[in-house]
Structure formats: structure tokens, C-alpha cells
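A.B. asks: Under this note's numbering, read the sequence shown as residues 143 to 553, first letter to last.
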Amino acid sequence: MISFFTDPAILSLLAASFVLLLAQLYTNSVINRPPSPKMKAWVVVKNGPPGEALAYKEVGESSGSLPKPKGSDILIKVTHAALNPADLHFMNVIPTWVPFRRHATPGMDFAGEVVSMGPQAAAAPSHASSPLAVGAAVAGCMSVGLVATGHGSLVEYVTVPAELVAKVPATLGASLDKAGPVAVGLLGCAGQTAHLAATEPAAEAAFRKSNARVLINGASGGVGSLLIQICKGRGAYVAAVCSAGNADFVTGLGADEVIDYKAHDPLPNYLANTLQYTGALSFDLIFDCVGDQLLFSKSPAYLTPQGSVLCIVGGGLLGTIRAGGNRLVPSFLGGTPRGYKLLALGPSGQRARAVAAWVENATLQQMPIDSEYGMADVVAAYEKLATKRARGKIVIKVQPDTTEIVDKPDR
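1) What residue range is occupied by the uninterrupted alpha helix (DSSP H) comprising C331?
2) Kindly give me the distance between the Cβ atoms of H222 and V289, rounded to whole angstroms, as I take these residues to be in contact under 8 Å.
3) Are V365 and L427 touching if we call contact CB-CB under 7 Å?
4) Which residue or residues does DSSP assign as beta-bridge partners of N359?
5) Pop quiz: A281 and A253 are said to be a contact at Cβ under 8 Å. What is the actual Cβ separation, rounded to whole angstroms?
6) Should T301 be labelled buried (16 or more other beta-carbon atoms within 10 Å of its own) or exposed?
7) Just tell me which of V256, A265, Y482 and L369 has its CA closest to the CA of G449.
8) Does the pairing of the segment 506 to 517 with the segment 532 to 541 give three or more beta-carbon distances under 8 Å?
9) By the 10 Å Cβ neighbour count, where 16 or more other Cβ atoms means buried, how is A382 classified, buried or exposed?
10) Of the residues A378, L413 and N359, which one's Cα is nearest the Cα of G396?
11) What separation, rounded to the nearest whole angstrom, lies between the Cα atoms of W239 and T247?
12) In chain order, what residues of the same chain have a beta carbon less than 6 Å from the beta carbon of L338, not counting five sequence neighbours either side?
13) Count the other CB atoms within 10 Å of the CB of F147; is the residue buried (16 or more) or exposed (fewer)?
14) When DSSP labels each residue in this structure, what does G481 get in the three-state scheme?
15) Please classify E298 as buried or exposed, where buried requires at least 16 neighbouring CB atoms within 10 angstroms.
16) Sort out for me which residues DSSP pairs I216 with in a bridge.
17) My guess is that L409 and F425 are in contact by the Cβ rule of under 8 Å, so how many angstroms apart are they, rounded?
18) Starting from A183 and walking both ways along the beta strand (DSSP E), at which residues does that stretch end?
19) Output needed for N174: all residues of its chain with C-beta closer than 8 Å, excluding positions within five of it in sequence on either side, in chain order.
20) So I372 is in the beta strand (DSSP E); what residue range does that whole segment cover?
21) Say whether chain D places a C-beta atom closer than 7 Å to the C-beta of L395.
22) Could you check if R495 is buried or exposed, using at least 16 other CB atoms within 10 Å of its CB as the buried criterion?
23) The alpha helix (DSSP H) with A325 in it runs from where to where?
24) How is D407 classed by DSSP in three states: helix, strand or coil?
25) Ordered along the chain, which non-local residues of its own chain (more than five positions away) have a Cβ less than 7 Å from that of Q435?
26) Going by DSSP in three states, G488 sits in which element: helix, strand or coil?
27) Going by other Cβ atoms of all chains shown within 10 Å of its Cβ, with 16 needed for buried, is I536 buried or exposed?
28) Do L225 and A522 have their CB atoms nearer than 7 Å?
29) Hey, could you find the ends of the alpha helix (DSSP H) G282 is sitting in?
30) Taking the alpha carbon of K199 as the point to measure from, which residue in H293, T420, H245 and K309 has its own alpha carbon closest?
31) Which residue marks the beginning of the alpha helix (DSSP H) containing T393, and which one marks its end?
32) Could you check whether the segment 255 to 263 touches the segment 272 to 280, counting it as contact only if at least three pairs of C-beta atoms, one from each stretch, sit closer than 8 Å?
33) Considering just the uninterrupted stretch of the alpha helix (DSSP H) at G193, what are its terminal residues?
34) Using only the alpha-carbon positions, how far apart do L329 and A405 sit?
35) What separation, rounded to the nearest whole angstrom, lies between the Cα atoms of K526 and L475?
36) Identify the continuous alpha helix (DSSP H) that holds Y524 and give its terminal residues.
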């Protein structure tokens, strides 16, 4: 039998594929993009925790006037950014020695003002009903390709395709000072992930049931806090799993019931042995914003036969393999006879604009903000994120910023 990991032909093919992938990413990151202006940015100088990995630097090639975007790209003066767990993953995992990760800027979510547009941006089909213009307040989430190649949002200006953004709803405020911290979460990764989860076929099927019962694990986080509002807007009964300290917070968002995971540890055992969550009172849908495998494995005791667990936390390669087993292993071979899906967000302007519509029709009325930091305090903000105890989004106020840059050499 040929060994997959030792056969020379297989190894050569894998190596060639990896080199081609790196070349493609590098090409996409440097070709057809105008030179970036000199500006302040946080950059990843080595792999590791935020305190070791990040440095505040002056980056960019051009000075003087801002460069003109090409095609349908737009140049945005960033006023606010928001942090996501994926940021920590990128700075830990993707080596800084690959060409497109030299001086990589972290950050996915952004809100700001359009200051320049490419010649085709005003006619972008995605904004046909309300064309973009210089001065428009917009927000969105960087694509995976942009973030992977180091084009993140913790910088004074970003150039992105017009398709990637949504206009900030006027209902959030008349200025970006007021609307920016909320918009960066709603139209960024948190809002788009909540939209992805709530529009999954399994979720739609549960919502069609009268008085559907929904459990949200990790209900006080950025995505969980939005899912509470969405589920209540669909007429569901919501049981929110969080700590006792966040009970008032989630009930204020609309949760009907709070389950303290610290008082009822392990949570799956508590649910399985409590009458109010079993039999006719079983849940129709579970959103797992934490990534608890046992919550799915033991779900037949508290999830209806037609119900599903929708998980937004991957857990790396092992988690992906486990998710495949959750979906594919039949019950007669030890699998769990309930639906399961691991969700992976591909950020898009279309999804951001769908969330904006939810804001405008009051399906989403709040974007809870855990804390707001200045650009000088990004390391502290990431350290707070790493505790996994943030209640809502952690937001960075990018501009105005007068912090003196203290350069940290690449290592």
C-alpha cells in the first residue's frame, strides 16, 4: 500500500500546490492595487500572543495626496474597527516569513467614510438602488483573502471592493462618532455570522414552527447577543446560556430564560436531566457559539428529532474533522441522530446589506459593545478578547489618533 505521507509523488504534488497557493496569494495582494498612503497601522511582526506579535508602525509607500483607487475599489478613512477571535488565529498560525504576510495588518471589521472611488465604483451593481459616493458612511468585513494577505482594518485607510461594504443605516446615528461603534459590529463579522446562522435551512425550518424553542449557547457574546434578537423577532422562545453575571444583559435583549453554565456544569448533563428541557419541551434548534461537542453528542435528550445544532466555532483541524463525523456517522455506528452543521462565514457585502435591512426594520435593535479602546491600546484590547469573557463587541476607535509611534523591529 502506498503511504500518503511518504510517497515522493504525493509529497511533490503537495509541495507544488502549496507554492502555487502562496504565489497566487502574493500576486493577488500586490498586483492591481494602488500604492498605499503613509499612515499608522498595527502590524504582525512575529507569530505569538498579541503582546509579542504586534507593533504600531508607520506603513505605506506614498506620501502627499491619497492614491486613487482602481476599478470598482473604494478608499475608506477608517473610524472604527472591531476585534474577532479569527484575528488571534491569523497572528498565531500564518507564518510572518511568507511574502504576503510581511507587515501584515490584523483586523476584519471596519467602519468609516468613503474618501475616494475608482472609476467603476459609483456604478457597482451591488449598490444600484443607492449608489456609493464620496462622503458615504460605510461598514463591512474584510474578505478572507484580504485578511490572509495582510490587508486588515487596524489602519487609518483601507482600499476594498465597493461590493464588500454596506451603507451605515441612518437609524444608527447622524455621525460616525455615534454610529461607527455599533455599525462595525452589526455589519461586520458578528452581524454577518448571525445572519448566516439564522438563515440556514435548519434554522428557517425551526422558525416556521409556532412557538419554536431555541437554545443559544454563548448568548452574551457578539454573535449570541444578536441571535437572541433575531430569534425573538421570529417569535421563538429563547433560552440563553451564559454566566449569572450576564443574566440581566441577555434578558434585556429579549431572552425568556437564562441558564447559568457555571452553576450547571456540565451543561449537557443538566439539560438531559431536567424535565423542562426534555420530551415535549425539547428544543427545536440549538445555536452553539462556544463549540461544545458534548452539547451535540447528548442532544437527543433535549433536542427534537427534527432539530439541529448549528455551531459557529470550528476548533481548527480537529474540530473540522469532528464536525464531519457529526454529520456523516450514522446512528447505528455510534453517531448522534440529530442534525449538525459547522458554519463558516465568507464575508460579503450582500450579507452586510441584508443585516443593514434588519437594522432598518428593527429586527436588530442593539449591538452590545463590551468596551472601546483607542488605537494605542490594541494589545490590551486583544488580550481582553483572548479571555473569552467579552460581553458583546470590542471596538477600536481608529481616528482621530495622535499617538506617537514607537517602532518595534521585526523579529
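All residues carry an ideal CB built from backbone N, CA and C; glycine is no exception.
C.D. replies: Let's see:
1) For the purposes of this step, residue 331 is taken as residue 189 along the sequence shown, with counting starting at 1. It spans C331 to A340 - the alpha helix (DSSP H) in which C331 sits, taken as one unbroken run.
2) In the sequence shown, the residue the question calls residue 222 occupies position 80. In the sequence shown, the residue the question calls residue 289 occupies position 147. H222 to V289, Cβ: 17 Å. No contact.
3) Within the sequence shown, residue 365 is the residue found at index 223, counting from 1. Within the sequence shown, residue 427 is the residue found at index 285, counting from 1. L427 sits away from V365, with the two beta carbons spaced by 7 Å or more.
4) Along the sequence shown, read from residue 1 onward, the residue named residue 359 stands at position 217. V383 and D430.
5) Taking the first residue of the sequence shown as position 1, residue 281 is located at position 139. Taking the first residue of the sequence shown as position 1, residue 253 is located at position 111. Indeed, because the Cβ distance is near 4 Å, the residues count as touching under 8 Å.
6) By one-based count along the sequence shown, residue 301 stands at place 159. Buried.
7) Stepping through the sequence shown from its first residue, residue 449 is reached at position 307. Of the candidates V256, A265, Y482 and L369, the one whose C-alpha sits nearest the C-alpha of G449 is Y482.
8) Output reads yes: the segment 532 to 541 touches the segment 506 to 517.
9) For the purposes of this step, residue 382 is identified with residue 240 of the sequence shown, where counting begins at 1. Flag for A382 reads buried.
10) As a working mapping, residue 396 is identified with position 254 in the sequence shown. Checked all of A378, L413 and N359; the closest Cα to G396 is A378.
11) To locate residue 239, count along the sequence shown from 1; it is residue 97. To locate residue 247, count along the sequence shown from 1; it is residue 105. Taking the Cα positions, W239 is about 14 Å away from T247.
12) On the sequence shown, position 196 is the one that residue 338 refers to. Cβ-Cβ distances below 6 Å link L338 to L485 and L487 in the same chain, with the five nearest sequence neighbours on each side left out; the list follows chain order.
13) Here residue 147 corresponds to residue number 5 of the sequence shown, with the count starting at 1. Residue placement at F147 is poorly supported in this model, since its pLDDT is 37, which falls under 50; the coordinates still yield a value, given next. Label assigned to F147: exposed.
14) Position 339 of the sequence shown, counted from the first residue, corresponds to residue 481. Three-state result, G481: strand.
15) Locating residue 298 in the sequence shown gives position 156, counting from the first residue. E298 should be labelled buried.
16) For this step, residue 216 is matched to residue 74 along the sequence shown. Partner(s): M259 and V302.
17) One-based indexing of the sequence shown puts residue 409 at position 267. One-based indexing of the sequence shown puts residue 425 at position 283. So it is not a contact: roughly 13 Å between Cβ atoms.
18) Walking along the sequence shown from the start, residue 183 turns up at place 41. Per DSSP, the continuous beta strand (DSSP E) segment holding A183 begins and ends at M181 to V186.
19) Locating residue 174 in the sequence shown gives position 32, where the first residue counts as 1. Since pLDDT at N174 reaches only 48, below the 50 mark, its modelled position is unreliable, and no value is offered.
20) Numbered from 1 along the sequence shown, position 230 holds the residue referred to as residue 372. No beta strand (DSSP E) contains I372, which is instead part of the alpha helix (DSSP H) from G364 to G375.
21) In the structure shown, chain D cannot be found, because there is only a single protein chain.
22) Position 353 of the sequence shown, counting from 1, holds the residue named residue 495. By the neighbour-count rule (16 or more Cβ atoms within 10 Å), R495 is buried.
23) Mapped onto the sequence shown, residue 325 falls at position 183. Per DSSP, A325 belongs to the alpha helix (DSSP H) from L318 to L328.
24) Stepping through the sequence shown from its first residue, residue 407 is reached at position 265. Correct three-state label for D407: coil.
25) Here residue 435 corresponds to residue number 293 of the sequence shown, with the count starting at 1. Once the five neighbours on either side are set aside, the close Cβ partners of Q435 are R464.
26) Sequence index remark: in the sequence shown, residue 488 carries index 346 (1-based). Secondary structure at G488: coil, using DSSP grouped into helix, strand and coil.
27) The residue you call residue 536 lines up with position 394 of the sequence shown. Its Cβ being crowded by 16 or more others within 10 Å, I536 is buried.
28) Within the sequence shown, numbered from 1, the residue matching residue 225 stands at position 83. Within the sequence shown, numbered from 1, the residue matching residue 522 stands at position 380. In terms of Cβ geometry, L225 and A522 do not form a close pair [threshold 7 Å].
29) Locating residue 282 in the sequence shown gives position 140, counting from the first residue. Where G282 is concerned, there is no enclosing alpha helix (DSSP H), although the beta strand (DSSP E) it sits in stretches over A279 to C283.
30) Residue 199 sits at position 57 when you count from the first residue of the sequence shown. Residue nearest to K199 within the set H293, T420, H245 and K309 is H245 (criterion: CA-CA distance).
31) Residue numbering aside, residue 393 sits at position 251 when the sequence shown is read from its first letter. A389 to G394 is the span of the alpha helix (DSSP H), which, as asked, contains T393.
32) Touching, per the Cβ criterion.
33) Within the sequence shown, the letter at position 51 stands for residue 193. G193 -> alpha helix (DSSP H) spans P192 to A195.
34) Translated into positions along the sequence shown, residue 329 becomes position 187. Translated into positions along the sequence shown, residue 405 becomes position 263. If you take the alpha carbons of L329 and A405, they lie about 34 Å apart.
35) Locating residue 526 in the sequence shown gives position 384, where the first residue counts as 1. Locating residue 475 in the sequence shown gives position 333, where the first residue counts as 1. Going from the Cα of K526 to the Cα of L475 covers about 42 Å.
36) On the sequence shown, position 382 is the one that residue 524 refers to. Under the DSSP assignment, Y524 falls in the alpha helix (DSSP H) whose first and last residues are V520 to A528.
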